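Going by this note's numbering, the sequence shown opens with residue 156, and the numbers climb by one from there. All residues carry an ideal CB built from backbone N, CA and C; glycine is no exception. Since the structure is predicted, the reported quantities are computational estimates derived from the model, not experimental observations.
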Amino acid sequence: MSESSQAKPSDNLRTVELVRSGKAHYRATNVRGGVLPIGNGEDPDFTPVELLLAAIAGCSAIDVDLITGKRAQPDRFEVHASGEKIRDEHGNRMTNLRLVFDVAFPEGEDGDAARGVLQSAIEKSRDRLCTVSRTVAVATPVEMFRRDAVS
């Protein structure tokens with residue numbers, strides 16, 4: 156097969172590989188070699204639900220930090236993520252997902268400019284920019300297959 160006829164991966168495709176490292180323990184590895192341990196909550200490893208909260212918080216934090224950081228670097232930048240895990244007629248899921256931004260900027264004109272766009276930046280992340288929270292909010296279907304069933 157010639158190089159020009161080989162299928163090229165999409166620039167939009169994102170992947171993570173997950174490998175079992177022990178009973179109820181896994182390692183997620185990204186294409187850049189980053190490794191993240193995942194567990195069931197009986198040790199310090201993040202659970203999948205905690206990773207979901209961290210992903211939403213991290214995604215929005217990056218958006219907000221990039222927007223406000225053009226004006227001033229924060230003195231404090233924390234995001235508190237929470238949600239309730241429930242089981243209902245739709246199965247196990249999270250509800251009442253909430254991010255609380257605790258951000259402080261230095262005094263002065265640049266800090267004032269950053270404070271002036273903070274709420275707008277949070278809203279832009281929530282409504283348009285954060286891929287993770289937008290995927291959850293839009294309720295994207297998740298397909299699951301056995302490897303031998305995928306063509």
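Can you tell me whether DSSP reads residue i as helix, strand or coil?
i	result
ARG226	coil
GLU278	helix
ARG302	helix
GLY189	coil
THR290	helix
To the nearest angstrom, how far is it from the Cα of residue i to the Cα of residue j?
i	j	result
GLY189	ASP267	37 Å
VAL171	ALA269	34 Å
GLY196	THR202	6 Å
SER275	GLY177	44 Å
THR184	ASP200	14 Å
THR295	ASP198	31 Å
Between the Cα of residue i and the Cα atoms of the options, which residue gives the shortest distance?
i	options	result
ALA292	SER280, ASP166, LYS225	SER280
GLY263	SER215, ARG187, ARG226, ARG242	ARG226
GLN228	VAL186, GLY238, LEU273	LEU273
GLY224	LYS240, SER237, LEU252, ILE277	ILE277
SER215	VAL204, ASP166, THR295, ALA236	ALA236
ARG187	GLY271, ARG169, PHE260, LYS240	ARG169
Q: Tell me, please, whether the region 230-246 touches the region 286-304 by the rule of three or more beta-carbon pairs shorter than 8 Å.
A: no
Checklist entry - How about the region 248-264 and the region 226-233: do they share at least three Cβ pairs that are nearer than 8 Å? => result yes
(request) Would you list, in sequence order, the uninterrupted beta strand (DSSP E) runs of no fewer than 3 residues that lie entirely inside the region 242-275? (result) 246-259
| For the 8 Å Cβ check, are there 3 or more pairs between the region 285-303 and the region 210-224? | yes
The region 191-202 / the region 215-228 touching (three or more Cβ pairs under 8 Å) = no
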